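A.B. asks: Counting in my numbering, the sequence shown runs without a single skipped number right up to 142 at its last residue.
Ideal placement from N, C-alpha and C gives every residue a C-beta, glycine not left out.
Nothing here was measured: the structure is a model prediction, and the numbers come from that model.
Pasting in a structure now, in structure tokens, and then I'll have a few things to ask.
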Amino acid sequence: METVKNAANYVSETIQGTGATAQKETNKNVAKDSDASLGTRAEAAKDAVVNKKDETVHDTKADTHKEAAKH
Numbered sequence: 072m073e074t075v076k077n078a079a080n081y082v083s084e085t086i087q088g089t090g091a092t093a094q095k096e097t098n099k100n101v102a103k104d105s106d107a108s109l110g111t112r113a114e115a116a117k118d119a120v121v122n123k124k125d126e127t128v129h130d131t132k133a134d135t136h137k138e139a140a141k142h
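Structure, rendered in structure tokens:
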């Protein structure tokens with residue numbers, strides 16, 4: 072039963088990591104957009120850093136759950 076729980080957690084964390092990756096890429100594009108205001112670009116750059124942290128956390132958790140599901 073624990074294996075099923077770890078597998079479900081792996082899927083959940085993988086999906087959340089993918090979402091964070093998509094948000095990060097969107098924010099990076101806004102930060103690079105010369106047509107956007109300086110404030111908007113700065114906010115997007117800050118958000119991209121937060122998204123990168125979230126992406127790393129979710130990917131690490133997914134890997135942990137994946138390994139736990141193998142045992």
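1) Short of 7 Å in beta carbon distance, which residues of its chain neighbour A119, apart from the five on each side in sequence? Order them along the chain.
2) Since D130 is in the alpha helix (DSSP H), which residue starts that stretch and which ends it?
3) For the candidate residues V128, A140, T111, whose alpha-carbon lies nearest to that of T89?
4) Counting along the chain, where does the alpha helix (DSSP H) carrying S83 start and finish?
C.D. replies: Taking the coordinates as given:
1) Taking the first residue of the sequence shown as 1, we reach residue 119 at position 48. For A119, where only same-chain residues beyond five positions count, the Cβ hits under 7 Å are K95, N98, K99, A102.
2) Within the sequence shown, numbered from 1, the residue matching residue 130 stands at position 59. In the DSSP assignment, D130 falls within the unbroken alpha helix (DSSP H) covering 109-141.
3) Counting from one through the sequence shown, the residue named residue 89 turns up at place 18. The shortest Cα separation from T89 among V128, A140, T111 belongs to V128.
4) The residue you call residue 83 lines up with position 12 of the sequence shown. Counting along the chain, the unbroken alpha helix (DSSP H) around S83 starts and ends at 73-103.
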